[in-house]
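Chemist: Before we start, here is the structure in question, set down as structure tokens.
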Amino acid sequence: MALKQRYNEVMEHIVVTDEMRARILAAVQQADLTPRKKAIRFDRILKMAAAAAACAAVVVVGQNAMPKMGSAAPADTGAYTDRAEKASDSCEMAMQAVNGIQECPDALGLEQAVGFAVPQLESLPYTLEETVYRSYWGEMAEVEYLCAGGEEVCLRKAPGEGPVSGDYNDYTYVQQLAVNEVLAVLKGSAESTYTLAEWQADGYAYSLSLSSPQTAAWWENAIQTIH
């Protein structure tokens, strides 16, 4: 099943109240959309909606777990703490079930979740602080590199022809780049620099996105280091 179709099916099952919708739209409107910043991907909005729904559920369940005003307080409040923690865990599991995103502890865990080799990027344009591994419906692997200064690098891989970036923005500058036997498509909002690359190799679709643009020379070297 195509990933875009998966997105559509997931969105049909997400219930967002008017208050939640207002908060999500406010966050999107406040996002910095200058060329330096990475364009907002559809899946990021999906995560925001799911997270808002989960947080709302935590608040409701947590309130129900607390003793009522005016009632006698028990000697041990541990039971309420346990209920609140269980509510939080349940909401997290519900959010994962809704949006199909599973966070894995490492590359091996992600490989077990998706059933194929997880790509790794050796050449980063920023100073790495943390690496996050995610599975989308057990069909797509995502490796997100969180770097100093809030910079991000997102590498994805999935069987088939793609696209897998989740980025449906229109870019002013598009260039094809041949790297060994791979023909990548670079996309950017500023001339001669790009924030997104998409390509296919060995029956898999790949995407690599950056929060700040880089030159075609950097992209060529980076794609060569992916294994």
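Its first residue numbered 19, the sequence shown is counted upward by one per residue in our numbering.
Just so it is clear, CB atoms sit at the ideal spot from N, CA and C, and this is done for glycine as well.
(1) Could you tell me whether the region 195–205 touches the region 132–152, where touching means 3 or more Cβ pairs closer than 8 Å?
(2) What span of residues does the beta strand (DSSP E) with residue 213 cover, start to end?
(3) I'd like to confirm the pairing. Which residues does DSSP put opposite residue 225 in its beta bridges?
(4) Run through the DSSP bridge pairs and tell me what residue 161 is partnered with.
(5) Output the boundary residues of the beta strand (DSSP E) element that contains residue 156.
(6) Just tell me which of 126, 225 and 229 has its CA closest to the CA of residue 167.
(7) Assuming residue 234 and residue 194 are in contact, meaning their beta carbons sit under 8 Å apart, how far apart are those beta carbons, in whole angstroms?
(8) In terms of DSSP beta bridges, what is residue 206 paired with?
(9) Within a Cβ cutoff of 7 Å, which residues of the same chain sit near residue 114, ignoring the five residues on either side of it in sequence?
(10) Note the first and the last residue of the continuous beta strand (DSSP E) segment covering residue 238.
(11) Assign residue 243 to one of two classes, buried (16 or more other C-beta atoms within 10 Å of its C-beta) or exposed (fewer than that).
(12) Could you compute how far the alpha carbon of residue 118 sits from the alpha carbon of residue 148?
(13) Output needed for residue 197: all residues of its chain with C-beta closer than 7 Å, excluding positions within five of it in sequence on either side, in chain order.
(14) Taking C-alpha atoms, which residue in 185, 125, 130 and 135 lies nearest to residue 163?
(15) Apart from the five residues on each side of it in sequence, which residues of its chain come closer than 7 Å, Cβ to Cβ, to residue 232?
(16) Apart from the five residues just before and just after residue 171, which ones in its own chain have a Cβ nearer than 8 Å to its Cβ?
(17) Would you please state the rounded distance, in angstroms, between the beta carbons of residue 132 and residue 153? I believe it to be under 8 Å.
Modeler: A quick look at the data gives this:
(1) no
(2) 211–219
(3) 174 and 216
(4) 151 and 173
(5) It is not in any beta strand (DSSP E) - residue 156 carries neither H nor E in the DSSP assignment.
(6) 229
(7) About 10 Å separates the two Cβ atoms, so there is no contact after all.
(8) 191
(9) Unreliable placement is indicated for residue 114, whose pLDDT of 49 sits below 50; no coordinate value is reported for it.
(10) From DSSP, residue 238 is part of no beta strand (DSSP E) but of the alpha helix (DSSP H) over 234–243.
(11) exposed
(12) 22 Å
(13) 238, 241 and 242
(14) 125
(15) 143, 211 and 212
(16) 139, 142, 143, 144, 162, 163, 165, 226, 227, 228 and 229
(17) 5 Å
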